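Worksheet for the structure shown next.
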Amino acid sequence: MAGHSYWADSYVQKRCTAEDAIGHIRPGQRVFIGSSCGEPQHLVKTLAEATTWFTDLEIVRLMSLETAPLSMIANRSRGQRLNIRSFYTGSAKSSHLAENARYLTPLNLSAVPRLFKSRRLPVHVALIQATPPDDFGWMSLGVSVDITLAAATSADLTIVQVNPEMPRVLGRSFIHVNDVHLVVERQEPILTLPTVPESEAANTIARLIARLIEDGSTLQISPGTAPQATLMTLSDKNDLGVHTQFMTNEIMHLFARGVITNRRKGLNNGKMVASSAIGSPSLYEFINDNPAIEFHPSNVVNAPAVIAAHNKMVSLSVAMAMDLTGQVAADALEFNNFSGVTGMLDFIRGAFQSDGGRSIIMLPATAASGEKSRIVPMLGDTAVVVPRADVHYVATEFGVVNLFGKSLQERALAMVSIAHPDFRDELLHHAKQMNLIGAERSLKGSLHGVYPLRLEETLEMEGQTITIRPAKPVDERRIQEHFYTLDKNDIVSRFFHEKTSFVTDDVGAVSQVDYINNLTILAVIGEFGFGRVVGIGEYLLDPSRNLAEVAFSVSGDWQGKGLGKRLMKKLFEGARDNGIAGFCAYTAPDNQGMISLFNSLPVHVFTTMEDGMAALSCRFDDLKTN
-10 MAGHSYWADS
0 YVQKRCTAED
10 AIGHIRPGQR
20 VFIGSSCGEP
30 QHLVKTLAEA
40 TTWFTDLEIV
50 RLMSLETAPL
60 SMIANRSRGQ
70 RLNIRSFYTG
80 SAKSSHLAEN
90 ARYLTPLNLS
100 AVPRLFKSRR
110 LPVHVALIQA
120 TPPDDFGWMS
130 LGVSVDITLA
140 AATSADLTIV
150 QVNPEMPRVL
160 GRSFIHVNDV
170 HLVVERQEPI
180 LTLPTVPESE
190 AANTIARLIA
200 RLIEDGSTLQ
210 ISPGTAPQAT
220 LMTLSDKNDL
230 GVHTQFMTNE
240 IMHLFARGVI
250 TNRRKGLNNG
260 KMVASSAIGS
270 PSLYEFINDN
280 PAIEFHPSNV
290 VNAPAVIAAH
300 NKMVSLSVAM
310 AMDLTGQVAA
320 DALEFNNFSG
330 VTGMLDFIRG
340 AFQSDGGRSI
350 IMLPATAASG
360 EKSRIVPMLG
370 DTAVVVPRAD
380 VHYVATEFGV
390 VNLFGKSLQE
400 RALAMVSIAH
410 PDFRDELLHH
420 AKQMNLIGAE
430 RSLKGSLHGV
440 YPLRLEETLE
450 MEGQTITIRP
460 AKPVDERRIQ
470 EHFYTLDKND
480 IVSRFFHEKT
490 SFVTDDVGAV
500 SQVDYINNLT
510 ILAVIGEFGF
520 GRVVGIGEYL
530 LDPSRNLAEV
540 AFSVSGDWQG
550 KGLGKRLMKK
560 LFEGARDNGI
570 AGFCAYTAPD
580 NQGMISLFNS
590 LPVHVFTTME
600 DGMAALSCRF
610 DDLKTN
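The sequence shown begins at -10 in the working numbering and counts up by one.
As structure tokens, this is what we get:
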């Protein structure tokens, strides 16, 4: 290299028109097109107009929104002019994807650069877009580094559209003038995506998953997450970091609010790392020459080992459908960018391997304006993007469950519990037919009501975090274990007789989820999905009197710490919200614990003796006066 003038002279020599550049493409070659919002629109348009001169071209790209109708041309020419190869692991279920399903190549995004660089899939021509060169001859690929850098550096012929509107992004995003073959100068707006539609389901899911995301977490945020929901979930967090496939408007807003600091990532501290950007012109201004942002290729950003090296890595992904065993189907929509689906499994596996990490799959419970359940008995005629063994946390607007380590029966019950109430009976019926739920199970205890998030509470007690929350179907085994660990006297107080066995039929009323007529509140310590039940409060409605009978049990090592009063308070709030008139209970006259729990309520309590038992009762409209 002869110095500064060398690359500059070379740049001048390489300049040509788009028509001249496309004229260098030969029949039968494989042509890569830059990804997502980095698509070189002028070059692609020129290619589309010249297709009548080509035969057997293969277009290689990530699944993306086409600015030029290459797939349509391929269809019309019956593959004789163009064939398409799109890297995409989605299910291609929707009609606009299904009609071109034959063009899809399932491959995780982290593996695509190796496919190019190893020449297992040789790229003959790469059409890319970049910034004008800097003083040293380096051009930034800007909003699209992902698989574009590997294609550009391994192609036989690299044609770059130099666009002054492309942001200059730091990191491993650069290609040198000496490493490209032809330069087409063309200024045009960088592709942007439409605003994500507001979704009440997404907002509710956001509130549900908020407590799963701890301060200091490193995040991957799927573009399919509604922006308002993402902001609502994360805006009160501290010291979040970003290692994600896409830089988005929402990440920019969180950084501006000081929520994202990248101080505690454990890898690339102080830097937001991504491989591409999709969003608004203001996002592209934000990432331009921003020293807090680095873009790297997909074989780095999406590598599970790299993802796992971050502290508390949290992957937030959006699914299209799931079945009762936990299998995930995903597809692209106009507002969540097609290639986001292709990177999903990389991040889910990487987050699981991270110290303190977790993956969360978000799924609106219904589609087609509520006419169709997104939770189905079994995914049969669609591609599985995430295998059941890789799925951990799942959230719909009706609750959150952790499927990790759960049996198929536990998974089926868990998935039914977060399905839309209108579809739960049907799903339970299918689960029984498919032997996912034992034959001894009755469907009479169908899930009733919507998970009352308002009754959840997290508190610190004795140096431990305790979650007070309504019971879920997946709690059955933990409830059994709680009863088995109770002291004999506590068992008598709870069940009114000695008891040494707590089989499913016995605890069914407690673990069977009915959030209206038979509400159970648990006190749980330990990790979400694996905690130990240390306290249970429940009420069972007597419809004839509109009074609910209450019962409690607290593990011996947690007695005398005020846990019972917390459970009673939640039962009181739940019963009052459900229109129940009051509480009643029968207990031994010397059971000061139960009497004290009743007296902790803000209503008058009446006590009578019946057959040697103390009968306690209260009505919620009979408030105590100060």
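Note that beta-carbon positions come from the ideal geometry of N, C-alpha and C, so glycine has one too.
Computed from a predicted model, the values in this text were never measured in an experiment.
Review point. What residues are listed by DSSP as bridge partners for residue 232?
Key: DSSP, once it has assigned bridges, lists 262 as partnering residue 232.
Review point. With distances taken between CB atoms, is the gap from residue 315 to residue 377 smaller than 9 Å?
Key: Yes; because the gap between Cβ atoms is below 9 Å, this pair is in contact.
Exercise for review: Quick one: using the 10 Å Cβ neighbour count with 16 as the cut-off for buried, is residue 17 buried or exposed?
Suggested key: The residue is exposed, with fewer than 16 neighbouring Cβ atoms inside 10 Å.
Exercise for review: Could you check what DSSP says for residue 570 in three-state terms: helix, strand or coil?
Suggested key: Under the three-state reduction of DSSP, residue 570 is assigned to coil, being neither helix nor strand.
Practice item. Taking 9 Å as the cut-off, decide whether the C-beta atoms of residue 592 and residue 605 are in contact. Key: Contact: no.
Practice item. Would you tell me roughly how many angstroms separate the C-alpha atoms of residue 344 and residue 9, rounded to the nearest one? Key: One alpha carbon belongs to residue 344, the other to residue 9, and they sit about 53 Å apart.
Review point. Taking C-alpha atoms, which residue in 503, 205, 209 lies nearest to residue 229?
Key: Closest option to residue 229, Cα to Cα, is 205.
Exercise for review: Check whether the Cβ atoms of residue 590 and residue 335 sit closer than 9 Å, and answer yes or no.
Suggested key: Not a contact, by the Cβ cut-off of 9 Å.
**Study point:** Cα-Cα separation between residue 496 and residue 549, rounded to whole angstroms
**Key:** Caution applies to residue 496, whose pLDDT of 48 falls short of 50 and renders its modelled position unreliable; the model cannot decide the point.
Practice item. Would you mind sorting residue 519 into buried or exposed? The rule is 16 or more other CB atoms within 10 Å of its CB. Key: Under this definition residue 519 is an exposed residue.
Review point. Just the Cα atoms here: how many angstroms apart are residue 302 and residue 473?
Key: Computed Cα separation, rounded: 36 Å.
Review point. Any idea if residue 581 is buried or exposed, counting beta-carbon neighbours within 10 angstroms, 16 or more meaning buried?
Key: Exposed: under 16 other Cβ atoms inside 10 Å.
Check your understanding: Is the stretch 115 to 124 touching the stretch 143 to 157 in the sense that three or more CB pairs, one from each, lie closer than 8 Å?
Key -> Between the stretch 143 to 157 and the stretch 115 to 124 there are three or more C-beta pairs closer than 8 Å, enough to call the two in contact.
Check your understanding: Hey, is the stretch 352 to 367 in contact with the stretch 402 to 409, meaning 3+ C-beta pairs nearer than 8 Å?
Key -> They touch, by the three-pair rule.
Review point. Are residue 87 and residue 288 closer than 9 Å when you measure CB to CB?
Key: No.
Exercise for review: In angstroms with no decimal places, state the Cα-to-Cα distance between residue 570 and residue 557.
Suggested key: Roughly 15 Å separates the two Cα atoms.
Point to revise | Touching by the beta-carbon criterion (3+ pairs, under 8 Å), the stretch 186 to 197 and the stretch 278 to 294 | key: Between the stretch 186 to 197 and the stretch 278 to 294, the count of Cβ pairs shorter than 8 Å is below three; the stretches do not touch.
Exercise for review: Starting from the Cα of residue 440, find the closest Cα among 467, 375, 510 and give me that residue.
Suggested key: The shortest Cα separation from residue 440 among 467, 375, 510 belongs to 510.
Point to revise | Backbone CA spacing between residue 72 and residue 49 [nearest angstrom] | key: Taking the Cα positions, residue 72 is about 9 Å away from residue 49.
Point to revise | Unbroken stretches of the alpha helix (DSSP H), 4 residues or longer, contained in the stretch 296 to 356 | key: If we require 4 residues or more, the alpha helix (DSSP H) runs fully inside the stretch 296 to 356 come out as 333 to 342.
Review point. To which residues does DSSP link residue 21 through a beta bridge?
Key: In the DSSP output, where bridge partners are listed per residue, residue 21 has 49, 115.
**Study point:** Identity of the residue in 61, 79, 268, 596 nearest residue 310 by Cα
**Key:** Closest in C-alpha terms to residue 310, from the list 61, 79, 268, 596, comes 79.
Point to revise | Identified DSSP bridge partners for residue 207 | key: Per DSSP, 230, 302.
Practice item. Measure the alpha-carbon distance for residue 526 versus residue 24 and round it to whole angstroms. Key: Take the alpha-carbon of residue 526 and the one of residue 24: they are about 55 Å apart.
**Study point:** Limits of the unbroken alpha helix (DSSP H) element including residue 466
**Key:** Start and end: 465 to 473.
Practice item. Rounded to whole angstroms, what's the CA-CA distance from residue 93 to residue 222? Just pull it up for me. Key: So the alpha carbons of these two residues sit roughly 34 Å apart.
Exercise for review: Please name the residue in 387, 353, 154 whose C-alpha comes closest to that of residue 277.
Suggested key: Of the listed residues, the one whose Cα sits closest to residue 277 is 154.
Exercise for review: Might you give, ordered along the chain, the residues of its own chain that have their beta carbon closer than 8 Å to the beta carbon of residue 161, omitting 5 neighbours on each side?
Suggested key: Closer than 8 Å at Cβ, skipping near neighbours: 134, 138, 283, 284, 285, 286, 289.
Review point. When you compare each of 320, 200, 504, 337 to residue 566 by their alpha carbons, which one comes out closest?
Key: Per the Cα distances, 504.
Check your understanding: Is DSSP giving residue 44 helix, strand or coil here?
Key -> In the three-state reduction of the DSSP assignment, residue 44 falls in the coil class, being assigned neither a helical nor a strand state.
Review point. For residue 219, is the classification buried or exposed, using 16 other Cβ atoms within 10 angstroms of its Cβ as the cut-off for buried?
Key: Using a 10 angstroms sphere on the CB of residue 219, the tally of other CB atoms reaches 16 or more, which defines it as buried.
Review point. With burial defined as no fewer than 16 other Cβ atoms inside 10 Å of the residue's Cβ, what is the status of residue 447: buried or exposed?
Key: Exposed.
Point to revise | Reduced DSSP secondary structure (H/G/I, E/B, other) of residue 558 | key: For residue 558, the secondary structure class from DSSP, reduced to helix, strand or coil, is helix.
**Study point:** Nearest to residue 259 (by Cα), restricted to the options 266, 267, 244
**Key:** It is 244.
Check your understanding: For residue 180, which of 173, 136, 265 has the nearest alpha-carbon?
Key -> Cα-wise, what sits closest to residue 180 is 265.
Exercise for review: Look at residue 467 and residue 513 and say whether their C-beta atoms are less than 9 Å apart.
Suggested key: Cβ atoms of residue 467 and residue 513: closer than 9 Å.
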